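Listed in order, the protein sequences are those of chains L and A.
So the first sequence is numbered by numbering that gives the first Met the number 0: it starts at 0 and just counts up by one.
So the second sequence is numbered by numbering that gives the first Met the number 0: it starts at 0 and just counts up by one.
We put the beta carbon where it would ideally sit given N, CA and C, even for glycine.
Model, not experiment: these values are computed from the prediction.
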Amino acid sequence: MQNANLGRKLLVLTLLLLALSGIIAWVGISRLQVLDSKVQHMGNRAVKKLVDAGETRALVLASIRAQKNACISTSDEDSKRYAEESKATIVSALKMIDSQFARSSGDEESKQLNSCKASVEQYDKANKDCVALAVQNTILKANKELYGRATDTLERALVSLNLIETTIQNTKKEEPSEMLAGVNACRKLSNHIQEVSRVVGEHVATPVSDSHFIEIDQRAKELMDQLQKLSASFQEICQSANVPTGELSSSMSTFGTSVSEVLRLSALDTNNKAYELSMTTVKDRADVAIRELDDLVMDYEATAGKDVLESRSIFEQSLRYILLACGLGIVLGLGTSYWISTSITRPIALVRDASRMMATGDLRSRIGLKQSDEVGELANATDSLADAISEIVHEIKSSSKVLASTSSHLGSIASGLVNQSEETSSRSSSAAAAVEQLSTNISSMSAAAEEMSMNFSSISSATEELSVAVGAISSSADQTASNVGNVAGAVQVISKSFDEVLAEAREGANVAGKAAQLADNAEQTMRKLDQSGSEISKFTETIKMIALQTNLLALNATIEATSAGEAGKGFAVVAHEIKELANQSAKAAEDVARKIEGVQNGTRQAVKVISEIADVIKQIHQSAGRISQSVENQNKSAQTISMNIDEANKGVGHIARSISEVAATANHMARNIAEASRGATDVSSNVSEAAHASSGISQSVIQVSSAAKQTNASATDVTQSAKQLDQVAEELRNLVGKFKITRDGNA
Amino acid sequence: MSYSLYCTFHSAGRLFGVPVLDVKEVTNHNTFTRVPHSPQEVLGLVNIRGQIFLSIDLASLLAYKQHEVKANSQFIVFKPSVGQSFGIVVDQVGEIISVDDSQSEKFATGIDISRDANDQAVFVSHVCKLENQVLIVLDPRKFLSRIEQSFRTTLNNNS
Numbered sequence: 000m001q002n003a004n005l006g007r008k009l010l011v012l013t014l015l016l017l018a019l020s021g022i023i024a025w026v027g028i029s030r031l032q033v034l035d036s037k038v039q040h041m042g043n044r045a046v047k048k049l050v051d052a053g054e055t056r057a058l059v060l061a062s063i064r065a066q067k068n069a070c071i072s073t074s075d076e077d078s079k080r081y082a083e084e085s086k087a088t089i090v091s092a093l094k095m096i097d098s099q100f101a102r103s104s105g106d107e108e109s110k111q112l113n114s115c116k117a118s119v120e121q122y123d124k125a126n127k128d129c130v131a132l133a134v135q136n137t138i139l140k141a142n143k144e145l146y147g148r149a150t151d152t153l154e155r156a157l158v159s160l161n162l163i164e165t166t167i168q169n170t171k172k173e174e175p176s177e178m179l180a181g182v183n184a185c186r187k188l189s190n191h192i193q194e195v196s197r198v199v200g201e202h203v204a205t206p207v208s209d210s211h212f213i214e215i216d217q218r219a220k221e222l223m224d225q226l227q228k229l230s231a232s233f234q235e236i237c238q239s240a241n242v243p244t245g246e247l248s249s250s251m252s253t254f255g256t257s258v259s260e261v262l263r264l265s266a267l268d269t270n271n272k273a274y275e276l277s278m279t280t281v282k283d284r285a286d287v288a289i290r291e292l293d294d295l296v297m298d299y300e301a302t303a304g305k306d307v308l309e310s311r312s313i314f315e316q317s318l319r320y321i322l323l324a325c326g327l328g329i330v331l332g333l334g335t336s337y338w339i340s341t342s343i344t345r346p347i348a349l350v351r352d353a354s355r356m357m358a359t360g361d362l363r364s365r366i367g368l369k370q371s372d373e374v375g376e377l378a379n380a381t382d383s384l385a386d387a388i389s390e391i392v393h394e395i396k397s398s399s400k401v402l403a404s405t406s407s408h409l410g411s412i413a414s415g416l417v418n419q420s421e422e423t424s425s426r427s428s429s430a431a432a433a434v435e436q437l438s439t440n441i442s443s444m445s446a447a448a449e450e451m452s453m454n455f456s457s458i459s460s461a462t463e464e465l466s467v468a469v470g471a472i473s474s475s476a477d478q479t480a481s482n483v484g485n486v487a488g489a490v491q492v493i494s495k496s497f498d499e500v501l502a503e504a505r506e507g508a509n510v511a512g513k514a515a516q517l518a519d520n521a522e523q524t525m526r527k528l529d530q531s532g533s534e535i536s537k538f539t540e541t542i543k544m545i546a547l548q549t550n551l552l553a554l555n556a557t558i559e560a561t562s563a564g565e566a567g568k569g570f571a572v573v574a575h576e577i578k579e580l581a582n583q584s585a586k587a588a589e590d591v592a593r594k595i596e597g598v599q600n601g602t603r604q605a606v607k608v609i610s611e612i613a614d615v616i617k618q619i620h621q622s623a624g625r626i627s628q629s630v631e632n633q634n635k636s637a638q639t640i641s642m643n644i645d646e647a648n649k650g651v652g653h654i655a656r657s658i659s660e661v662a663a664t665a666n667h668m669a670r671n672i673a674e675a676s677r678g679a680t681d682v683s684s685n686v687s688e689a690a691h692a693s694s695g696i697s698q699s700v701i702q703v704s705s706a707a708k709q710t711n712a713s714a715t716d717v718t719q720s721a722k723q724l725d726q727v728a729e730e731l732r733n734l735v736g737k738f739k740i741t742r743d744g745n746a
Numbered sequence: 000m001s002y003s004l005y006c007t008f009h010s011a012g013r014l015f016g017v018p019v020l021d022v023k024e025v026t027n028h029n030t031f032t033r034v035p036h037s038p039q040e041v042l043g044l045v046n047i048r049g050q051i052f053l054s055i056d057l058a059s060l061l062a063y064k065q066h067e068v069k070a071n072s073q074f075i076v077f078k079p080s081v082g083q084s085f086g087i088v089v090d091q092v093g094e095i096i097s098v099d100d101s102q103s104e105k106f107a108t109g110i111d112i113s114r115d116a117n118d119q120a121v122f123v124s125h126v127c128k129l130e131n132q133v134l135i136v137l138d139p140r141k142f143l144s145r146i147e148q149s150f151r152t153t154l155n156n157n158s
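#1: My output table needs one value for ASP352/L: the three-state DSSP class, helix, strand or coil.
#2: Does the beta carbon of CYS127/A sit closer than 9 Å to a beta carbon anywhere in chain L?
#3: If you measure from the beta carbon of VAL34/A to each beta carbon in chain L, is any gap under 9 Å?
#4: Rank LEU276/L, GLU260/L, THR166/L and GLN238/L by C-alpha distance to the C-alpha of SER196/L and give the top, closest one.
#5: Can you tell me which residues form a DSSP beta bridge with ILE46/A?
#6: Hey, could you find the ends of the beta strand (DSSP E) PRO18/A is sitting in?
#7: Using a Cβ cut-off of 7 Å, pull out every chain A residue sitting near THR561/L, in sequence order please.
#8: Go through its chain and collect everything with a Cβ distance to GLY200/L's Cβ below 7 Å, but skip five positions before and after it.
#9: Quick check on VAL26/L: buried or exposed, where buried means 16 or more other Cβ atoms within 10 Å of its Cβ?
#10: When we look at the beta-carbon of SER531/L and count the other beta-carbons within 10 Å, is it buried (16 or more) or exposed?
#11: Say whether chain A places a C-beta atom closer than 9 Å to the C-beta of LEU551/L.
#12: Starting from VAL136/A, trace the beta strand (DSSP E) both ways and give me its first and last residue.
#13: Looking at the strands, I want to know which residues DSSP matches up with ILE95/A.
#14: So what does DSSP say about PHE74/A, is it helix, strand or coil?
#15: Please list the partners that VAL92/A has in chain L, where partner means a Cβ-to-Cβ separation under 7 Å.
#16: Would you call the stretch 151 to 166 of chain L and the stretch 268 to 285 of chain L in contact, with 3 or more CB pairs under 8 Å?
#17: Does DSSP classify ASP56/A as helix, strand or coil?
#18: Classify ASP115/A as helix, strand or coil using the three-state DSSP reduction.
#19: Does any CB atom of chain A fall closer than 9 Å to the CB of LEU547/L?
#20: Using alpha carbons as the reference points, say which of GLN618/L, GLU559/L and SER407/L lies closest to ILE535/L.
#21: Does the distance from the CB of CYS6/A to the CB of LEU554/L come in under 9 Å?
#22: If the criterion is Cβ atoms closer than 9 Å, does the pair TYR81/L and VAL130/L meet it?
#23: Tell me which residue opens and which closes the alpha helix (DSSP H) that VAL182/L is part of.
#24: At least one CB of chain A closer than 9 Å to the CB of ALA575/L: is that the case?
#25: Determine the burial state of PHE100/L: buried for a count of at least 16 other Cβ atoms within 10 Å of its Cβ, exposed for fewer.
#26: Flag GLN73/A as yes if its beta-carbon sits less than 9 Å from any beta-carbon of chain L, otherwise no.
#27: By DSSP, does ASN157/A sit in helix, in strand, or in coil?
#28: Check the Cβ of ASN29/A against every Cβ in chain L and list those closer than 8 Å, keeping chain order.
#29: Give a yes or no on whether 9 Å exceeds the smallest Cβ distance from ARG140/A to chain L.
#30: When you compare only the Cα positions, how much space is there between VAL615/L and LYS607/L?
#31: Along chain A, which residues have their Cβ under 8 Å away from the Cβ of ILE747/L?
#32: Rounded to the nearest angstrom, how far is the Cβ of VAL350/L from that of ILE339/L, given a contact under 8 Å?
#33: Given that a residue counts as buried once 16 or more other Cβ atoms are within 10 Å of its Cβ, and exposed if not, what is PRO175/L?
#34: Quick check: the Cα distance between THR541/L and ILE577/L, rounded to an integer number of angstroms?
#35: Can you list, in chain order, the residues of its chain whose CB lies under 7 Å from that of ASP106/L, leaving out five sequence neighbours each side?
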């Protein structure tokens, strides 16, 4: 779940919301159903009332039925039972109406119930009367009496009459008139009895309310009277005829009482009254009660139906509202969740795209989201990150530009240095050539001086020989002359040698001057080189500073990238690369600095050596000057010698003339020659000194040459380093160029 | 495999580290405006792009003998989540290194160090085993409370 993408999370949230709204809808519907069932229950209560009313109505009807049954029931027990039933049902109907009162709601209903109750009570009263009549069952009793005892007695009377008739017939055979009268009386009585029986039956059958009843009753009473009269007359006849009439009279009297009983009962006619009552008053009242109850039932039916329908419609309406609200909620929820999810996922996708762009190095894109929530903050933070990185990249870019320009400057300086060092080298080699020339010159001078010295020695020895052999000179004047000629030749040679030496010395002085100038030049170049080295050192310091700054920037970039989390990973790699490059450039700068220091050391050494050379050259110059002077002195001495020798030559011609003069002259010459010899030795020592100095110069020049070569090598190194630095700068620029930023329009 | 990133640095010749997520930035600032009555650990205040930060000398804070702040020392600024606008001055910031969490251990010496408020160990969050040395990871969240304590002590001593 934690790693599910945001869209999925939001989807889950949406589904949860939908499920929640579904649950709410379900709960609402179920509660509504409960409510509906409650309302139904209430409706059912109305229905119960309705049912009760119906039942009451049914009870009333049952009561009517029972009452009718009681009326028409043939047996007393049945009719009593039915009557009781009728009364009981009415009582229960009344009880039910009372219970309806308890449940009634509203005056209207109470009023209705009251009228119902009143009508039912009215009916009850009538009913009670009716059943009271019904239970008496007079017609039945009358019928029973009539068809039971009355008929029995009638039959018995008729049998007795037949007997009497027979008896009369038997006894009055002799008196036919009597017999006829007796038989006629019997027949008459029998007919009358039958007539009575018929009328009584009719009387019983005719209801009291019938219009014929009074007529029939009258007739029955008349018949009864006639019967009594007939019976009395018949008994008289029988007594007269001595026919026992005991049985007949008893049965007749029983019949009479029975019939009168029947008549009484028939006159009561409770059954018919009950019927009548039942058909009229009771029926009317029952109809009223039933109608009232019907009305009540109908009212209840209408109310219950209306309530149920109303509750059903309310339920359906509520259900519709709930479903509509749920649907609306789902639609709104979907819309809102879509809106929220897009408002979250779209900026995040923008941030992701921007981060990807940043990872590929394009830092131009900005999200620019105007949203003040966390997502907006994230977008703004990403923008500011991009800004910060752009700033850093821009700074690195400008730094790399400075670095590039510095490195190209360094390169140009290094190539200048190389040129200068090459010049130094060439100059030092020309100096070396000059010095070598000087050296050879001096060597030749030295040889000449040595030759001169030798000549001097030979002069000296010759002179000494001359001096020793002064005594014998006269004898060997030719030898002397030749010797003197020799001396003169030697002196001339010396003189020539001296000229040569002088020329050489002058040339040496010239060369030395030139060398001094060259040394000065070299020193100046070296100083320039040193200055360039210092300048390079300054630049390498700048590069190191830039590298340090870049390193720090890269570190901060790494920290920022790390804070950005997963999105900053790409940039962290780039920042690391930048850091590596910064370190590399710092190292390269340090390398350059070290090499420059080497160059500077070499240069300083070269400067020192060159100044030494200059010193030596000055010394040479001085020596050459001294040589020149000495040679001039020697030249003077040689001229003196030459003069002296000429003089000697002249004197030799006069040797014979004056030996003592010769001796004196010889002495003088010896002295002069010793002086010349001394000068020659001096020259020799000077020359050897010069030779020594020239070899020193030669050595120094070689040193200079090697120093120059070293300088050259160092300068080449510097050039190489500068190139490397240039390369690094180029690489840095390339790397930074990967970033596209919108600053100054040079992204 | 989970790993953590640390910003390493050298102070008083020793290697330390803090979680890189606590670091706001690293700067070259090394001149600070002294704060009156401040303890020796507090070097002063510094203005970085218009925001004032309190700078703490880490070496003094870690109870190493007081040493001069070098000219090329660097200033590590912490995020506001670590504490209100402060940073530490170190001799040299090293690199951002990634250490596998399995190579990190709780700092355990077997002695109860929580009682001694002068022991540097209270700042130690944990130690990481690097290839050829041990990186002590500090918890910068505890620095400011110590500084507060030191301030209080200094003020009490002065009064």
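By the coordinates alone:
#1: In the structure shown, ASP352/L sits in a helix (DSSP, three-state: H, G or I).
#2: No, because no Cβ of chain L sits closer than 9 Å to the Cβ of CYS127/A.
#3: No, no contact with chain L.
#4: Of LEU276/L, GLU260/L, THR166/L and GLN238/L, the residue nearest in Cα terms is GLU260/L.
#5: Reading off the sequence, residue 46/A comes out as Asn, not Ile. Per DSSP, the beta bridge partners of ASN46/A are ILE51/A.
#6: Looking at the DSSP string, the run of the beta strand (DSSP E) that includes PRO18/A is 13 to 18.
#7: For THR561/L, the chain A residues whose C-beta falls within less than 7 Å of its own C-beta are LEU4, VAL19, LEU20 and ILE95, listed in chain order.
#8: The beta carbon of GLY200/L sits closer than 7 Å to the beta carbons of LEU145 from its chain, once the five residues preceding and following it are set aside; these are given in chain order.
#9: By the neighbour-count rule (16 or more Cβ atoms within 10 Å), VAL26/L is not buried but exposed.
#10: The residue in question, SER531/L, is buried, as its Cβ has 16 or more Cβ neighbours within 10 Å.
#11: Closer than 9 Å to the CB of LEU551/L there is at least one CB belonging to chain A.
#12: It spans 133 to 137 - the beta strand (DSSP E) in which VAL136/A sits, taken as one unbroken run.
#13: In DSSP, ILE95/A forms a bridge with CYS6/A.
#14: Here DSSP, grouped into helix, strand and coil, assigns PHE74/A to strand.
#15: Ordered by position in chain L, the residues that pass the 7 Å Cβ test against VAL92/A are LEU554.
#16: Flag = no, the stretch 151 to 166 of chain L and the stretch 268 to 285 of chain L do not touch.
#17: The three-state secondary structure of ASP56/A, taken from DSSP, is strand.
#18: Note that ASP115/A scores 48 on pLDDT, short of 50, meaning its location in the model is unreliable and no value can be drawn from it.
#19: Judged by the 9 Å Cβ criterion, LEU547/L is in contact with chain A.
#20: Closest option to ILE535/L, Cα to Cα, is SER407/L.
#21: A contact, by the Cβ cut-off of 9 Å.
#22: Taking 9 Å as the cut-off, the beta carbon of TYR81/L is found closer than this to the beta carbon of VAL130/L.
#23: According to the DSSP assignment, VAL182/L belongs to the alpha helix (DSSP H) that extends over 175 to 204.
#24: The residue you asked about is not Ala; residue 575/L is His in the sequence shown. For HIS575/L, the closest Cβ of chain A is nearer than 9 Å.
#25: Answer is exposed; the Cβ neighbour count stays below 16.
#26: Among the CB atoms of chain L, one or more fall inside 9 Å of the CB of GLN73/A.
#27: Helix, per DSSP.
#28: Correct list: empty, because the minimum Cβ distance to chain L is about 12 Å.
#29: False, the Cβ-Cβ gap to chain L never drops below 9 Å.
#30: In this structure, the alpha-carbon of VAL615/L lies about 12 Å from that of LYS607/L.
#31: Given a span of 0 to 746 for chain L in the structure shown, any question on residue 747/L remains unanswerable.
#32: Distance from VAL350/L to ILE339/L at the Cβ level is roughly 17 Å; contact not present, criterion being Cβ atoms closer than 8 Å.
#33: Only exposed fits PRO175/L, as fewer than 16 other CB atoms lie within 10 angstroms of its CB.
#34: Cα to Cα, THR541/L sits roughly 18 Å from ILE577/L.
#35: Non-local beta-carbon contacts of ASP106/L in its own chain, meaning distances under 7 Å to residues more than five positions away in sequence, are absent.
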